[in-house]
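Working notes, structure below.
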Amino acid sequence: MNRIAKVFAIGLLALVGARAQQVTVDEKRDQIEALKIELDQAKQMRDKVIAKRWDNKQRDMDAREKFNQEYDDLKSKLDVKTQEADRLHAEIQNYLRDAEEADAQAETERVQFLSLGGTLRDKMREIGDPLGKSFPVQIPERLQKLNAVLKGAEVKREAPGEVLVDLMNFERDELALSRDISLEHRGFVRANKTPGEGTLLRLGFVTEAYRDSKSGQSGLLLKNAPGTSFTPFDWREDLPVSVVQPLSLAMQSLEKESAKTILIPMDVLLTQNSVKSYTHESKKGFFATLWKTVKTGGIFMWPLLIIPFIVIGLFLRKILQLLRSRKGQALCTQVILKMEQGDLAAAASLSARQSGNLALRALGAVSGLGSSVGREHGEKTVSELMLHEVPRLERHLTTLSVLAAAAPLLGLLGTVSGLIAMFQIITEHGVNDPKLLAGGIGEALIATETGLLIAIPTLIGHNYLANRVDDAVAEAEYYGMKALNARWPRE
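The sequence shown maps to residues 136 to 626 in the working numbering.
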């Protein structure tokens, strides 16, 4: 019974346990299902979150790409603007620099423009003195006009342009007067300082002539040579026949008005006897022309003329000395032969025949040594002889070299002195003829030409003599060595 009860109890407990277990499994299943549902919901939420995150990331990437694109565009535009700004800055700097230079140039030109007034005043003062010595036509009136221009220049210091206009007007009046031709019948003072009356003709500033009605004498206004008169122009009636006849004929035709064309003799260059003096000088001889050239070349021509005589004297002296030293070359071989044979007395006798030959003197010095001396003593003897004789042969060569170098320098000094003197004259008196300027420069260059004509032959002669001296010394050294070898043969 107990056993059955135990079995029943066990079965009952098993049934209760199974039921309880069944309840637990169902609960667990329900929990699992609930968890699955939650898991699915979580997965869905996760997918939504992931999708949203990718959407946000894509938007961020698109925004970043757009930002980068806009940044690159803005950077490119900024670079372009920066370059443009740099270019504009450089242009502005250049414009500022140009403006500063323009201001400086304008200031310089303003100063120069203002100084033009002073220059014009100086030039007008320089015009005053030559004007008083120019062609004697309306001199007081012309000087009065020039003085008026000068006074205006003092007042118009800040307006040199107006001063220049006044000066140009004055020069225009001068030019018009220089082209004016006047014919008058009035009184005048003749060349012999006596009063005359008749026809007076003026052709600009070129010439002026008169014919005295009472005496029938004609006169021509000529310019005086510098230093011959107190007045720049004088009337002359003592004219050559070749001038007097056509001049008288022309003046008579003017008085009678009988010719349409009248030929008036005139001196266009305003000089006297220039053709005659030129013809006279062209007939001078060589020495006269040479003398004139020397005087034209200036004071430095005198030392230049002394140099050739010194050079010729020294050259002839050295030539004679070298010719004497060249004699007796045929005896040198004979002397060497006698020394090789041991006949020192004969060798010394042959060497003494030509005392001017340096090689023979060297041979004589060696052959004249006693038999007790050695080769070393012979070498010293030859060396002493060469030291004594070589300076004698080279004497005056340095003098020739110095003269060859000094001649062109003296000529250049003479040219510079002549140019200085010529430009001083031009500064004081001016020159309107380029031929006169070229002639003055040509005369100044005479000294340089003379110096070169002296220096070139002197230099050639010096080189010739120096080569001959070197040959004589080399020959003496050669025969001296042969004499030593013949007297004391080397083993």
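Note that the Cβ used here is the ideal one computed from N, Cα and C, for glycine as well.
Predicted model, so just to flag it, every value in this text is computed and none were measured.
By the neighbour-count criterion, in which 16 or more other beta carbons inside 10 Å mark a residue as buried, Thr585 falls on the buried side. DSSP places Arg277 in the uninterrupted alpha helix (DSSP H) bounded by Ile274 to Val290. Here DSSP, grouped into helix, strand and coil, assigns Pro330 to strand. Here Thr424 is exposed, its C-beta having fewer than 16 other C-beta atoms within 10 Å. In terms of CA proximity to Gln387, Leu335 leads the group Leu335, Asp373, Glu289 and Asp207.
Between the region 579 to 595 and the region 522 to 534 there are fewer than three inter-stretch CB-CB distances shorter than 8 Å, so the stretches are not counted as touching. Residue pairing for Trp370: DSSP places it in a beta bridge opposite Leu356.
Between the beta-carbon of Arg337 and that of Val272 there is about 7 Å, and that keeps the pair under the 8 Å contact cut. With fewer than 16 neighbouring CB atoms inside 10 Å of its own CB, Val160 falls in the exposed class. Here the alpha carbons of Ala241 and Asp207 stand approximately 49 Å from one another. Taking the C-beta atoms as reference points, Val604 is found no nearer than 8 Å to Leu544.
Take Ile581, set aside five residues on each side of it, and the residues of its chain with a beta-carbon closer than 7 Å to its own are Thr428, Thr431 and Gly432, in chain order.
Following the DSSP letters along the chain, one finds Arg530 in no alpha helix (DSSP H), marked with neither H nor E.
DSSP places Arg321 inside the beta strand (DSSP E), whose first and last residues are Ile316 to Val324. Taking the Cα positions, Gln166 is about 14 Å away from Asp175. Within a 10 Å sphere around the beta-carbon of Ile442 sit 16 or more other beta-carbons, which makes this residue buried. The Cβ atoms of Gly546 and Thr583 sit closer than 8 Å to each other. Apart from sequence neighbours up to five positions away, the residues of its chain that approach Lys473 with a beta-carbon distance below 7 Å are Ala481, Ala482 and Leu485, ordered along the chain. Beta bridge pairing from DSSP links Asp347 with Gly333. Burial state of Arg496 is buried, judged by a 10 Å Cβ sphere holding 16 or more other Cβ atoms.
Assigned with DSSP and collapsed to three states, Leu338 falls in strand. One Cα belongs to Arg164, the other to Ile172, and the distance between them is close to 12 Å. Collapsing the DSSP output to three states places Ile434 in coil. The shortest CA-to-CA distance from Leu357 to any of Thr550, Ser350 and Thr342 is the one to Thr342. Of the candidates Leu231, Thr533, Leu213 and Ser518, the residue whose Cα lies closest to the Cα of Ala611 is Ser518. The alpha carbon of Ile316 has as its nearest neighbour, out of Asn229, Phe340 and Ser536, the alpha carbon of Phe340. Look at Asp478 here: in three-state DSSP terms it is coil, with no helix or strand label.
Look at Leu170 here: in three-state DSSP terms it is helix. Rounded to whole angstroms, the gap between the alpha carbons of Leu548 and Ile447 is 23 Å. Annotated three-state conformation of Pro592 is helix, per DSSP. Nearest in C-alpha terms to Leu619, of all of Ser536, Glu475, Asn598 and Ala220, is Glu475. The Cβ neighbour count for Phe435, taken over all protein chains shown within 10 Å, is at least 16; the residue is labelled buried. The C-alpha of Ile274 is placed about 15 Å away from the C-alpha of Ala311. Nearest to Gly322 by C-alpha distance, out of Arg346, Leu302 and Glu289, is Arg346. In this model, Ser211 and Ala220 are separated by some 14 Å (Cα to Cα).
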